[in-house]
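For reference, the structure discussed in these notes is given below.
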Amino acid sequence: MLPQMMLRPVVAIALSILAVFPLDSAFAEYGDIILNKTAEAMRDAEVDDVVFPHWFHRIRFRCSVCHEDIFRLKAGENEISMAIITEKKEMCGVCHNGLIAWEPLECERCHALEPGWSPGVIQHSVKGVSKVDLLLGKVGTKAKPYSKFMEIASGWHPLALSKSGLPLDKYGLVDWAKAVKEKIVQPLWSLDPEVKETEHRIRDNDILFVAKGASMPDVLFPHGIHSYWLECKICHETKGGAIFKDELGANNITMMDIGKGKWCSRCHDKTAFPISDCMRCHNHPKGTPLGKNVLVREAKNP
Ligand code: HEC
Ligand code: HEC
Ligand code: HEC
Ligand code: HEC
Ligand code: HEC
Ligand code: HEC
Numbered sequence: 000m001l002p003q004m005m006l007r008p009v010v011a012i013a014l015s016i017l018a019v020f021p022l023d024s025a026f027a028e029y030g031d032i033i034l035n036k037t038a039e040a041m042r043d044a045e046v047d048d049v050v051f052p053h054w055f056h057r058i059r060f061r062c063s064v065c066h067e068d069i070f071r072l073k074a075g076e077n078e079i080s081m082a083i084i085t086e087k088k089e090m091c092g093v094c095h096n097g098l099i100a101w102e103p104l105e106c107e108r109c110h111a112l113e114p115g116w117s118p119g120v121i122q123h124s125v126k127g128v129s130k131v132d133l134l135l136g137k138v139g140t141k142a143k144p145y146s147k148f149m150e151i152a153s154g155w156h157p158l159a160l161s162k163s164g165l166p167l168d169k170y171g172l173v174d175w176a177k178a179v180k181e182k183i184v185q186p187l188w189s190l191d192p193e194v195k196e197t198e199h200r201i202r203d204n205d206i207l208f209v210a211k212g213a214s215m216p217d218v219l220f221p222h223g224i225h226s227y228w229l230e231c232k233i234c235h236e237t238k239g240g241a242i243f244k245d246e247l248g249a250n251n252i253t254m255m256d257i258g259k260g261k262w263c264s265r266c267h268d269k270t271a272f273p274i275s276d277c278m279r280c281h282n283h284p285k286g287t288p289l290g291k292n293v294l295v296r297e298a299k300n301p
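First residue of the sequence shown: 0, per numbering that gives the first Met the number 0; consecutive thereafter.
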């Protein structure tokens, strides 16, 4: 396996944090995203920043319901305002209009986070906690949360968790692949009741990424579970530039770039399982037989 030192420092740090992070606080914030581009106007109106809980929504909807017809797949790229939500009924207002979900009357339900946070996805909010405390695992409890974020999140998430009995992975994060394979949740593909499940295209093959290095297991990329959650165009015609060209071997993907937030980590580490879970991607030991429907993609020369 690759020594930690070879990874980007940020990946290595994430790994060491995960090793000591208490599980309940780790999953409490999985995939939440802070929206505060309009901080100035929000301060004038005396409301806090907005927290969007991704996984509260994905229990009900697959990614394609929102991406990218309603929201572009990049933090900070969507210009959201109250006029858009309440008058135009776009963005959050597509659903938060009293029909699909509650109307935006109680401000604090969305404007839930005290200002001072950076926008984007939060996995572990460590604001106000010293690095030493973090490494020692002293990061608060549900009764005495270390951050406002954890307090809010423990209101939504464990409730959703205990009610739905969602399966967890080894980090205590929700195992979304298992949750849908076992039909524990059956999120909608479309808000339009006329759209039938059969109109939804699934590409049921796997792509074997032959990883450089003799000891690193290869990566079997399942097109199936990805196209269950995501429409083809989210990856292959992403607004602002495709994440992946839809041609075998056409993308020069390296672990270094994945560590920098490109390719697979456009989603993994943010709203899908984290990059530190190496073997969940490097899931195919070299030389073991391949199932059917596998396309082999040879490693490019380094
Ligand atoms: C109910 C709507 C909704 C659903 C469903 C949804 N998202 Fe999002 N997603 C958002 C919003 C809102 C943002 C934030 C956009 C912004 O900051 O401008 C976002 C942002 C993102 C980002 C950008 C993160 C970054 O750091 O750039 C990714 C990646 C993402 N979503 C992936 C997913 C995946 C994968 C799924 C399904 C498993 C999903 N989303 C389901 C609404 C949704
Ligand atoms: C595709 C439809 C859809 C979109 C788009 C959507 N939501 Fe939701 N949202 C829901 C549904 C459904 C619920 C659950 C409502 C319920 O439990 O009554 C929900 C729940 C929530 C919750 C959970 C907390 C609580 O008190 O129930 C928050 C916070 C929230 N939405 C914020 C947002 C924000 C902010 C946006 C826009 C950035 C947004 N939502 C966009 C459908 C949507
Ligand atoms: C469904 C979730 C939701 C609810 C409920 C909600 N907001 Fe917002 N609000 C947002 C989002 C999302 C933004 C954009 C945040 C950003 O990107 O900076 C926003 C932005 C704002 C802004 C700054 C931009 C603008 O439109 O001027 C103000 C002011 C604001 N909200 C006030 C309120 C008030 C007051 C209430 C209660 C009456 C409220 N909001 C309820 C989601 C919500
Ligand atoms: C999560 C992102 C993602 C989604 C969603 C996705 N793909 Fe792909 N696709 C990939 C990756 C990664 C590759 C491999 C590219 C490479 O080899 O460099 C690929 C390769 C392909 C290829 C060439 C190899 C092959 O399978 O024949 C085609 C064609 C393709 N995709 C079509 C589709 C279609 C059709 C859908 C929707 C049903 C889809 N993809 C959904 C990521 C995705
Ligand atoms: C557009 C978002 C997106 C991109 C890009 C993406 N994934 Fe995923 N991936 C998901 C989602 C969503 C799931 C469902 C599980 C979850 O959410 O944790 C998933 C699941 C998986 C699984 C299944 C795990 C299991 O337990 O069954 C593997 C393996 C995987 N991804 C590998 C990859 C690899 C390798 C790449 C890059 C070549 C990649 N993914 C790119 C969103 C994405
Ligand atoms: C989301 C999926 C995913 C996860 C998680 C992941 N990798 Fe990778 N990794 C890949 C892909 C895709 C490649 C590219 C294979 C190719 O085509 O060369 C790769 C390549 C590699 C390579 C070969 C060298 C290179 O840069 O291409 C090494 C070594 C590696 N990964 C180590 C790791 C380690 C260590 C971890 C855990 C910290 C990890 N990977 C986690 C998807 C992943």
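Every residue, glycine too, gets a C-beta built ideally from N, C-alpha and C.
Fair warning: this is a prediction, and the values are worked out from it, not measured in the lab.
message = Would you say the beta carbon of tryptophan 188 is closer than 8 Å to some non-hydrogen atom of ligand 5?
response = In the sequence shown, the residue the question calls residue 188 occupies position 189. Incorrect: tryptophan 188 has no Cβ contact closer than 8 Å to ligand 5.
Chain-ordered list of residues that sit, by beta carbon, closer than 6 Å to a heavy atom of ligand 1 | Ile32, Leu34, Phe51, His53, His56, Arg57, Phe60, Cys62, Val64, Cys65, His66, Phe70, Leu72, Lys73, Ala74, Gly75, Glu76, Asn77, Gly119, Val120, Trp228, Arg265, Cys266, Lys269, Thr270 and Ala271
Quick test of your reading: glutamate 113 and aspartate 47, contact by CB under 8 Å. State the CB separation rounded to the nearest angstrom. On the sequence shown, position 114 is the one that residue 113 refers to. On the sequence shown, position 48 is the one that residue 47 refers to. 6 Å between Cβ atoms; contact.
For valine 218, the three-state DSSP class (helix, strand or coil)
Locating residue 218 in the sequence shown gives position 219, counting from the first residue. Three-state DSSP puts valine 218 in a strand.
Exercise. Please check the pair glycine 248 and arginine 296, which I expect to be a contact at CB under 8 Å, by giving their CB distance rounded to whole angstroms.
Key: Residue numbering aside, residue 248 sits at position 249 when the sequence shown is read from its first letter. Residue numbering aside, residue 296 sits at position 297 when the sequence shown is read from its first letter. Rounded, the Cβ-Cβ distance is 5 Å, consistent with contact.
Exercise. Going by the CB atoms, is the gap between leucine 229 and asparagine 282 shorter than 9 Å?
Worked result: In the sequence shown, counting from the first residue as 1, residue 282 sits at position 283. In the sequence shown, counting from the first residue as 1, residue 229 sits at position 230. It is not a contact, given that the beta carbons lie outside the stated cut-off.
If you drop the 5 nearest sequence neighbours on each side, which residues of the same chain put their C-beta closer than 8 Å to that of glutamate 196?
Counting from 1 along the sequence shown, the entry for residue 196 is found at position 197. Cβ neighbours of glutamate 196 beyond the five flanking positions: Trp188.
(message) Under 8 Å: does the beta carbon of isoleucine 183 sit that close to some heavy atom of ligand 8?
(response) Ligand 8 is not part of the structure shown, which contains ligand 1, ligand 2, ligand 3, ligand 4, ligand 5 and ligand 6 as its ligands.
Please report the straight-line C-alpha distance between leucine 294 and isoleucine 206, rounded to a whole angstrom. The residue labelled residue 294 in the question sits at position 295 within the sequence shown. The residue labelled residue 206 in the question sits at position 207 within the sequence shown. Cα to Cα, the separation comes out at about 5 Å.
- Message: Bridge partners for valine 120 per DSSP, in chain order?
- Response: Position 121 of the sequence shown holds residue 120. Partner(s): Ile32.
Next on the checklist: Given this structure, state the Cα-to-Cα distance separating leucine 172 from valine 184, to the nearest angstrom.
Outcome noted: Counted from its first residue, the sequence shown places residue 172 at position 173. Counted from its first residue, the sequence shown places residue 184 at position 185. Straight-line Cα distance between these residues: approximately 15 Å.
* Of all the options Lys232, Lys259, Gly239 and Lys177, which has the alpha carbon lying nearest to the alpha carbon of arginine 279? -> For the purposes of this step, residue 279 is taken as the residue at position 280 of the sequence shown. Ranking the options by Cα distance to arginine 279, first place goes to Lys177.
Cβ-heavy atom distance between histidine 341 and ligand 5 below 8 Å? Nothing can be reported for residue 341: it is not among the residues displayed for the chain, which extend from 0 to 301.
Could you round the C-beta distance between isoleucine 302 and proline 118 to whole angstroms and report it? I think they count as a contact, below 8 Å. The structure shown does not extend to residue 302, since the chain is modelled only from 0 to 301, so the question has no answer here.
Cβ-heavy atom distance between alanine 241 and ligand 5 below 8 Å? On the sequence shown, position 242 is the one that residue 241 refers to. Result no, Cβ not under 8 Å from ligand 5.
| query | Roughly how many whole angstroms lie between the Cα atoms of alanine 111 and glycine 75? | reply | Taking the sequence shown and counting its residues from 1, the one referred to as residue 111 is at position 112. Taking the sequence shown and counting its residues from 1, the one referred to as residue 75 is at position 76. Whole-angstrom Cα-Cα distance: 18 Å.
Taking only the alpha-carbon atoms, compute the straight-line gap between isoleucine 257 and phenylalanine 70 and give it to the nearest angstrom. On the sequence shown, position 258 is the one that residue 257 refers to. On the sequence shown, position 71 is the one that residue 70 refers to. Approximately 23 Å, taken between the alpha carbons.
- Query: Who are the Cβ neighbours of valine 49 in its own chain at under 6 Å, not counting the five residues just before and after it?
  - Reply: Translated into positions along the sequence shown, residue 49 becomes position 50. So the list reads Leu34, Cys109 and His110, once near-sequence residues are dropped.
* Asked: Any heavy atom of ligand 3 closer than 8 Å to the CB of glutamate 328?
  -> This structure does not reach residue 328, given that the chain is present from 0 up to 301, and the question cannot be answered.
Spatial neighbours of asparagine 204 within its chain, please: C-beta separation below 8 Å, excluding the five flanking residues on both sides. Residue 204 sits at position 205 when you count from the first residue of the sequence shown. Excluding sequence neighbours, asparagine 204 sits near His222, Gly223, Asn292, Val293 and Leu294.
Roughly how many angstroms lie between the CA atoms of valine 179 and alanine 40, to the nearest whole one? Sequence index remark: in the sequence shown, residue 179 carries index 180 (1-based). Sequence index remark: in the sequence shown, residue 40 carries index 41 (1-based). Using only the alpha carbons, I get a separation of about 40 Å.
Q. In angstroms, rounded to a whole number, what distance separates the CA positions of glutamate 236 and cysteine 62?
A. Walking along the sequence shown from the start, residue 236 turns up at place 237. Walking along the sequence shown from the start, residue 62 turns up at place 63. Going from the Cα of glutamate 236 to the Cα of cysteine 62 covers about 15 Å.
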